[in-house]
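Q: Numbering (our numbering), first residue to last: 211 to 402.
We put the beta carbon where it would ideally sit given N, CA and C, even for glycine.
Following this message is one structure expressed as structure tokens.
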Amino acid sequence: MASSVSALAISLNDPAIGMGGLRHRIPVSPGLRCSSSVGSTIRRSSIPCYSRRSKPFACLAVSTDASIKEAVKTDKAPAALGPYSQAIKANNTVFVSGVLGLIPETGKFVSDTVEEQTEQVLKNMGEILKASGANYSSVVKTTIMLADLKDFKKVNEIYAKYFPAPAPARSTYQVAALPLDARIEIECIAVV
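Below, the structure written as structure tokens:
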């Protein structure tokens with residue numbers, strides 16, 4: 211059993227767990243989370259059970275069943291450029307992958323300008339959201355990646371047309387490079 215626990219710890223990029231610490235603990239699997247009860251308070255942690263515990267503890271199972279997640283796919287938005295989905299719908303949440311300003315039919319950029327790429331990104335994102343049963347008003351968080359942060363104001367003017375108040379939470383970063391030398395990429399999370 212010691213070798214299987216060490217293998218589990220290694221496969222999860224965690225330091226090996228000593229067997230002495232497992233003597234009074236329940237074996238756990240990936241996908242489980244901890245809840246510890248001290249007196250009458252309950253504390254939940256998103257840190258897996260094998261890495262932090264308080265006594266006494268109980269592990270609550272979180273389903274790792276693949277059937278709770280569904281890939282969202284539409285031909286009205288560019289196909290993924292690698293081994294990922296356009297979006298994943300899990301329970302009532304939609305996670306949209308980074309979207310580029312590509313024309314779905316050709317796979318080529320709509321233009322070289324950040325304004326036209328931003329417009330196309332948001333149109334593509336709208337099609338992915340629609341395919342998942344969501345829309346722009348369902349979006350709770352976006353992340354914008356720009357090749358040049360000097361384009362921030364131009365992007366904001368276009369972005370504001372798509373997201374009604376209250377606007378989603380947002381992060382914006384300048385990055386060293388984007389796929390296919392894009393000027394902008396946007397990802398989002400929506401709730402349906």
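From this set, 302, 283 and 303, which residue's C-alpha is nearest residue 309's C-alpha?
A: It is 283 whose Cα lies nearest to the Cα of residue 309.
Q: Leaving out five residues before and five after residue 442 in sequence, what residues of the same chain have Cβ atoms less than 8 Å from its Cβ?
A: The chain is shown only over 211 to 402; residue 442 falls outside these bounds and no answer can be derived.
Q: Can you give the Cα-Cα distance for residue 379 and residue 346, rounded to whole angstroms?
A: For residue 379 and residue 346, the distance between alpha carbons rounds to 13 Å.
Q: Spatial neighbours of residue 370 within its chain, please: CB distance less than 8 Å, with the 5 preceding and 5 following residues excluded, ordered by chain position.
A: Closer than 8 Å at the Cβ level, and outside the excluded window around residue 370, lie 377.
Q: Give me the residue from 363, 311 and 391 with the minimum Cα distance to residue 397.
A: With distances taken between Cα atoms, residue 397 lies closest to 311.
Q: What three-state label does DSSP hand residue 383 in the structure shown?
A: Strand, per DSSP.
Q: Counting Cβ pairs closer than 8 Å, one from the segment 350-366 and one from the segment 378-395, do we hit at least three?
A: Yes, they touch.
Q: Quick one: what does DSSP say residue 237 is sitting in, helix, strand or coil?
A: With a pLDDT of 46 at residue 237, under the threshold of 50, the modelled position of this residue cannot be trusted; read the value that follows with caution. If DSSP states are grouped into helix, strand and coil, residue 237 belongs with coil.
Q: Under the DSSP definition of a beta bridge, which residues are partnered with residue 356?
A: The partner list for residue 356 (beta bridge, DSSP) reads 384 and 394.
Q: Distance check for residue 318 and residue 342, CA to CA, integer angstroms please.
A: Spanning the two alpha carbons is a distance of roughly 24 Å.
Q: Note down, in chain order, each residue of its chain lying with its Cβ closer than 7 Å to the Cβ of residue 324, except the 5 sequence neighbours on either side.
A: Counting only Cβ-Cβ distances below 7 Å, and skipping sequence neighbours, we find 361, 364, 365, 393 and 394.
Q: Is residue 320 helix, strand or coil when you go by DSSP?
A: Correct three-state label for residue 320: coil.
Q: Tell me whether the beta-carbon of residue 297 lies closer than 8 Å to the beta-carbon of residue 338.
A: The answer is yes: Cβ separation under 8 Å.
Q: Thinking C-alpha only, which one of 329, 385 and 322 is nearest residue 359?
A: Residue 385 is the option with its Cα nearest to residue 359.
Q: By Cβ distance, which residues of its chain are closer than 8 Å to residue 374, with the 5 residues on each side in sequence left out?
A: Excluding residues within five positions, the ones whose Cβ falls inside 8 Å are 346 and 347.
Q: Taking the continuous beta strand (DSSP E) assigned at residue 297, which residues delimit it?
A: First-last of the beta strand (DSSP E) with residue 297: 297-300.
Q: Classify residue 372: buried if its beta carbon has 16 or more other beta carbons within 10 angstroms, exposed otherwise.
A: Buried is the call here.
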